[in-house]
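Have a look at the structure below, then the notes.
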Amino acid sequence: MSNRGTLILLVICGFFFTDSVGFGADLGVLDIIKLTKFVVEGIGKAWNIVDQRVDFSSIPIPILDKTEAKLFGKLDVITLKIDELAVNIEGAGTNTIAMVLHNLPDRVRLELRLNDLLKYMTQTDVNFRSFQRYTVHHNDFERLTLEDFARVVVGHDSNSVVNLIERIHTFVAPTGRGIADTGVLELLLKDLTEVEGDMLCNSKQSPQQVLYNLYNAIALTELKGYSMIQFSYMLLRLYNKGNFTTESQIMRQRFEERTNSAMEIVKKSMADASRQYWNCDPKRHIKGETYEEITQLLQGYVQNEVDLNPEGTCRENCAEYAYTKSHGCFGNQYCRQQRRCNGKILDCRYFDSDMWICPADPLSGRRYEYIEYENGRVLGRKQSCQHGTNKVDSWWRWLFWHCSYCFCLCDEQSSNSDRYVNMRPAISNLSSNMVVTGLRFVKKNRIIHIQIQEGKLLPRGNIDASTVRWVPVEDYKITDRKIYNGQDYHTFSWEKRAVDLDDLEADEGHVLTGVRFKEIGSHLNFEIFVTKFDFDSGKLINPTSTSVWKDNSNTDSSTTNPRKKVWLVTPDIPTRTTSPSIPTSKSDEYIELVNSDIDRDAAQTTVPFLDAQKLESLQPVPLSGAGIFHKGRKYFGGFITLKVMTYDYSRHIRAALSDEEVETN
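Numbering (mature numbering (1 follows the signal peptide of the UniProt record, and there is no 0)), first residue to last: -22 to -1, 1 to 643.
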């Protein structure tokens, strides 16, 4: 059933709902386990209405009508409860199945089983829609119609509801014989582990969430089937078509067996599943929306040797100028026609004496579109030059000194260079019981921030969807008074351009409530803020005293297990690749911001970029951790990317039904 269809049914059934059942204030926190107990108990009470050992055929019609009305009224409440949870479950469950089918075309066994599973769940749902109409509008239907429906539900036909839910259960807990020797949850877990990133990031769910949402959809179908079966036996007994006590008890026993068996399987599968998720590349890269850049940190720059030393000589070669600055502009040379580098000039090299330079649009952030040397070498992509090329030639001073043009890197902190990262903490509203539910990179006032999404934590790991919002980032400029470098923000430079890549996770019983960056030496290091909470009540526990910052303070100079560097090999602009990005780093590594490749891009772009897409779940959930990693492709700069870890629900899963918790019929 679609979300829209579920909502329509909820509105229709809502007109018949009363608070007399005592659940009106609790609807927002119902989960599948709680609903299972409620349905079983409700059906037990419904049986009490018809479980009078009398001959219904001898009861006057008005009295029988009242009994019938009470029965339908009780069942109406049960179907409404199922519908209320279905609003939250069915969308995620159906999307999960569709996503798996789309991303796993080569896993034939799993694909076939998921297709069959979806078919049987759909058939059950079609029957349940009829069931809802009969329970809500039973006075409008003939008893023969209701009786026929009941017989279809509990019949021996292969498409009866009794047989459909048994088939559905075999997909979760197969008999171990024949082709179906492995359950769909176990097969899915294996495939989630094997797939190279695509499915993991496309699903907007962690693998554990995928398993849990699929199980919830199956369990909800099981509840629908069980409700229809018990209703049918009650109705047939009410119409004096038999006793059906034994049949009802057998169905109750099988329901408990199936439910608890499936619960054990999903608990094991979820415990083994990853809880991380991150964003795939978008269909189209849009600057400021899907990615952000650190601009002009290290940029290719052409300067003549005569201007690279204070004496104005040409006695050395370009390689001698590994760390210098521009000391002037000799004569009426090319230095008069380009924007001067007023910072550090680094790593100079010589390619050829004469060249044609195609200047870039000043608003593009580039200095050059391409450079073509007389020896045929081209730096960047040669194409039509909008502003016309400039011929630039080296020259001889007297007969002995050749004043060569060098190709260097410029590290200039200026209004053209966005090289700042916020170091102030971003923390959810702890006093309102808010926790972090999503993250993303944003740029404001030329400063990169991690923006948090927050939502109110509810009992049993639920999030109040109506409270979810993106918290505005700090609004300050580096030029404001009492704003300090190294305290409020970090400034990248040639000496300080490393970003630590880590997966950080909270201790058990804690949830993510904040993030920030700090400096460790020349590295920018990521931290998470975690707070202790009570799972059953959903309350943060003394957040001012139980909240702590967690980090990985290991460095690349540690004597034992130092951080490893992620190397970028001749990196081109990240958005130029047509292949989807894949993770290229592991936790406890680091990456340095560098210039793009000299030959591919004339070193005009700072890479990696930052993935600025919203990192949020299909349904808001509490998080237990976050991390930063690098994704990309070989020979491209890639993206520094955020990831999150969803809270581990597997440790809270237990048998849904027991003799102590649920009263028998």
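Ideal placement from N, C-alpha and C gives every residue a C-beta, glycine not left out.
query                                                                                                                                                             : result
Out of ASN320, ILE551 and THR619, which one is the CA nearest neighbour of residue 667?                                                                           : Outside the modelled stretch of the chain, which goes from -22 to 643, sits residue 667, for which no answer is possible.
Comparing the CB of ASP259 with every heavy atom of the ligand FMN, is any distance shorter than 6 Å?                                                             : Here there are no bound small molecules, and the ligand FMN is not part of this structure.
In angstroms with no decimal places, state the Cα-to-Cα distance between TYR279 and CYS363.                                                                       : 18 Å
What did DSSP end up calling CYS386 once you bin it into helix, strand or coil?                                                                                   : strand
Tell me, which residues are paired with MET147 by DSSP?                                                                                                           : Here the sequence assigns His to residue 147, which means Met is not the residue at that position. Partner(s): none; HIS147 has no beta bridge.
Using a Cβ-Cβ cutoff of less than 8 Å, which residues in the same chain neighbour TYR568 once the five nearest sequence positions on both sides are dropped?      : ALA476, VAL477, ASP478, LEU479, HIS501, ASP534, ARG541, LYS542, LYS543 and VAL544
For the beta strand (DSSP E) that contains ALA443, what are its first and last residues?                                                                          : 440 to 448
Kindly confirm or deny that the region 438 to 446 and the region 601 to 616 touch, where touching means at least three C-beta pairs closer than 8 Å.              : no
Use the C-beta contact count for HIS427: other C-beta atoms within 10 angstroms, 16 or more gives buried, fewer gives exposed.                                    : buried
For ASP285, which residues in the same chain have their Cβ closer than 7 Å to its Cβ, ignoring the five residues on either side in sequence?                      : SER304, HIS305, GLY306, CYS307, PHE308 and CYS313
Could you have a look at GLY20 and say whether DSSP puts it in helix, strand or coil?                                                                             : helix
Tell me the DSSP secondary structure of ASP458 in three-state form.                                                                                               : coil
Pop quiz: TYR346 and LEU324 are said to be a contact at Cβ under 8 Å. What is the actual Cβ separation, rounded to whole angstroms?                               : That pair is no contact at about 17 Å.
Given a cut-off of 7 Å, decide if PRO403 and ARG494 are closer than it, judged by their beta-carbon atoms.                                                        : yes
Looking at the secondary structure, which residues open and close the beta strand (DSSP E) in which THR556 lies?                                                  : Careful: THR556 lies outside any beta strand (DSSP E) and carries neither H nor E.
Is it right to say LYS369 is buried, meaning 16 or more other beta carbons lie within 10 angstroms of its own, or is it exposed?                                  : exposed
In chain order, what residues of the same chain lie with their CB nearer than 8 Å to the CB of SER531, ignoring the 5 residues before and after it?               : ILE498 and ASN503
Hey, ALA580 and ASN573: beta-carbon distance below 7 Å or not?                                                                                                    : no
Taking 8 Å as the threshold, find out whether the region 136 to 151 comes into contact with the region 90 to 97 through three or more Cβ pairs.                   : yes
Is the CB-CB distance between GLU270 and LYS421 below 7 Å?                                                                                                        : yes
Please name the residue or residues paired with residue 730 in a DSSP beta bridge.                                                                                : Look at the range of the chain in this structure, -22 to 643, and you will see that residue 730 is not part of it.
Locate the alpha helix (DSSP H) running through residue 671, then write down its first and last residues.                                                         : The requested residue 671 is not part of the displayed model; the chain covers only -22 to 643.
SER574 by DSSP, collapsed to three states: which one?                                                                                                             : coil
Using the C-alpha atoms, what's the distance from GLN183 back to LYS564?                                                                                          : 20 Å
Using a Cβ-Cβ cutoff of less than 6 Å, which residues in the same chain neighbour residue 645 once the five nearest sequence positions on both sides are dropped? : No answer is possible for residue 645: it lies beyond the span of the chain, which begins at -22 and ends at 643.
So what's MET401 in DSSP terms, helix, strand or just coil?                                                                                                       : coil
If PHE385 and CYS326 are in contact, beta carbons under 8 Å, what's the gap, nearest whole angstrom?                                                              : 7 Å
State the Cα-Cα distance for the pair HIS592 and TYR299, rounded to the nearest angstrom.                                                                         : Sequence inspection shows Lys at residue 592; the His mentioned does not correspond to that position. So the alpha carbons of these two residues sit roughly 43 Å apart.
Once DSSP output is grouped into helix, strand and coil, what is the label at TYR627?                                                                             : coil
Going by C-alpha distance, which of ILE143, THR113 and ILE405 is nearest VAL451?                                                                                  : ILE405
Quick check on ALA240: buried or exposed, where buried means 16 or more other Cβ atoms within 10 Å of its Cβ?                                                     : buried
Give a yes or no on whether the C-beta atoms belonging to VAL139 and TYR193 are separated by under 7 Å.                                                           : no
Mind checking LEU213: buried by the 16 CB within 10 Å criterion, or exposed?                                                                                      : buried
Looking at C-alpha atoms only, which residue of ILE207, TYR467 and THR562 is the closest neighbour of PHE127?                                                     : ILE207
What residue range is occupied by the uninterrupted beta strand (DSSP E) comprising SER523?                                                                       : From DSSP, SER523 is part of no beta strand (DSSP E) but of the alpha helix (DSSP H) over 521 to 524.
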